[in-house]
Each structure stands twice: as C-alpha cells, then as structure tokens.
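Remarks on the structure that follows.
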Amino acid sequence: MIDPAGKHALITGGARRVGAAMTSALAACGVDVAIHYGTAADEAEALAANCRDRGVNAVTLQADLAESGAPEDLAARAEDALGGVDILINSASTWESTAFTDITRDQWDRAMAVNLTAPMFLSQRLGAAMVGRGFGRIVNITDVAGLRPWPHRAAHSVSKNGLIMLTRVLSQALAPHVLTNAIAPGPVLVPDDAGPQVEHNLSAETVLGRMGTPGDVVDAMLYLVSAEYVTGQVLVVDGGQAERT
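Every number in this note's numbering is 24 more than the matching position in the sequence shown, counting from 1.
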C-alpha cells in the first residue's frame, strides 16, 4: 500500500455529499485537493477552508462539465493550481428521475456529458500526465444503477454502465503506472428532498437491512487510492442490495 500524503487530487463534484466526504478524507491523509463544483460555491469554499486548516493546499474550481471543452479546461486549471494531479476522483454526476417515455434529448445529452464524457476527457488529459510521471490513481464513482437497469433513471443508468466500461478501458490504456478502478455505491445517502419512508424502503432492499454512510464509500476510495495491485475493478459498496434485487 502506498501513502498518499503529499499527492495532489482533483475531486469532481467534491463540494457536497459523498464527494465532500472523499475530499475531506483525502485532505486528512495529507493530500492537496482541487475541489470541483458546479453551483455549490459556498459549500466548496467552506470545505476548502476546512482542508487548509488540516495543513494542505486546497483550491476550488467551478465548471459546468456538460459544456464542450469544460473537462479539458478543468484539468488544466487543476494542474496549474496544484502543480500536477496524481489522483483523479470522478464523482460529479447528474441525478434525474424521468419516465423512459418522457426523457428529452437535453436530459439524455446532459447525463452522458457529465457522467461519462467528462470522466473520459479528464482521464485522458490528466492520465497522460500521470503516465509521464510514472504514477497515478483514477477512481470513477458509478453506482448500482450501472450494474442493473433503472428504467425511471434510464439516462443515468446507461451513463453509469458506460463509466464502468471506461474504467476497464482506462485500466489497460494507462497501465502499468496508472491504476484505474470504480466504486459502485448503493444506498449510502438519500436524496436531499427525501422523507424517512425512502430511507426505510432503501434499507429494506439490502441484505444488511440498513443504509450505508458516505464513510463506507470513503473507505473504498482510500483503499483504491493506496492499493498497488488492483486495477480495472468495480468495488460494490451496497450492503448486498444488488444481490437481493
């Protein structure tokens, strides 16, 4: 296992929810962080201040990853701000529930752009530099929707399945010095506007009979960032939800 202290990480969607938990955990390990956000400027700045209090460099970078050229520009800004990026966590994601028959072209295109195209071109740009330095870790955050079909979130499900295949492609294209893996979280957080019944229902879907926490995803991420002989894998963190359903 490697010690990530002193490395530099870009975390997309790193200002809120599971992304923020991963950002904070990396900073606690002594990793300098570039916190990407879309609209959560206040949360990003507060988190960056907290990270700097831990003694690491922390910067915030805004980008709409659905825009053409935005991933490449974000990669360049992160490299400039940190002096290079050793760890890329592709966590930014859309999350839209629409009946399959009602999906619009704009909804489909945005899901693909944020969930799949952005990780592709961030990995291409930053991965090439990692190869040149002889070290890199890429962790893609998919979810169980990439492993089984969700008709009510069809664009999300298809894009996350594509992210799993991208993970496998990158693990070969960037080998042997860059290790690329994915994490597929199950129910570790409910949507911001969800009520207690949603948490109850999700808990009932798991083998363990309970919700997970962002910390469970953090543990998986820290393992994959530190591991030296794991690449091209999808680590499912779902309390056995996929096995039960």
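From the three backbone atoms N, C-alpha and C, an ideal C-beta is built for every residue, glycine too.
Values in this document were obtained by computation on a predicted structure and should not be read as measured data.
Using the rule of at least 16 other Cβ atoms within 10 Å of the residue's Cβ for burial, across every protein chain shown, is Asn-225 buried or exposed?
exposed
Tell me whether Arg-172 is buried or exposed, calling it buried when 16 or more other Cβ atoms sit within 10 Å of its Cβ.
exposed
Within the continuous beta strand (DSSP E) that includes Ile-188, where are the two ends?
No beta strand (DSSP E) contains Ile-188, which is instead part of the alpha helix (DSSP H) from 178-197.
My output table needs one value for Asp-27: the three-state DSSP class, helix, strand or coil.
coil
Which same chain residues, not among the five before or five after Val-42, have their C-beta less than 6 Å away from its C-beta?
Pro-238, Val-241
With a 10 Å radius around its C-beta and 16 neighbouring C-beta atoms as the bar for buried, classify Arg-129 as buried or exposed.
exposed
Any idea if Gln-265 is buried or exposed, counting beta-carbon neighbours within 10 angstroms, 16 or more meaning buried?
buried
Determine which residues share a DSSP beta bridge with Ile-59 and list them.
Ile-35, Thr-84
The beta strand (DSSP E) that contains Asn-164, what's its start and end?
160-165
Could you check the C-alpha separation between Ala-87 and Asn-81 for me, to the nearest Å?
20 Å
How about His-32 and Asp-104: are their beta carbons less than 7 Å apart?
no
For the 8 Å Cβ check, are there 3 or more pairs between the segment 69-85 and the segment 184-198?
no
When you compare only the Cα positions, how much space is there between Lys-184 and Ala-169?
7 Å
What does the alpha-carbon distance come out to for the pair Glu-91 and Phe-159?
29 Å
Ile-162 burial status per 10 Å Cβ neighbour count (16 or more: buried):
buried
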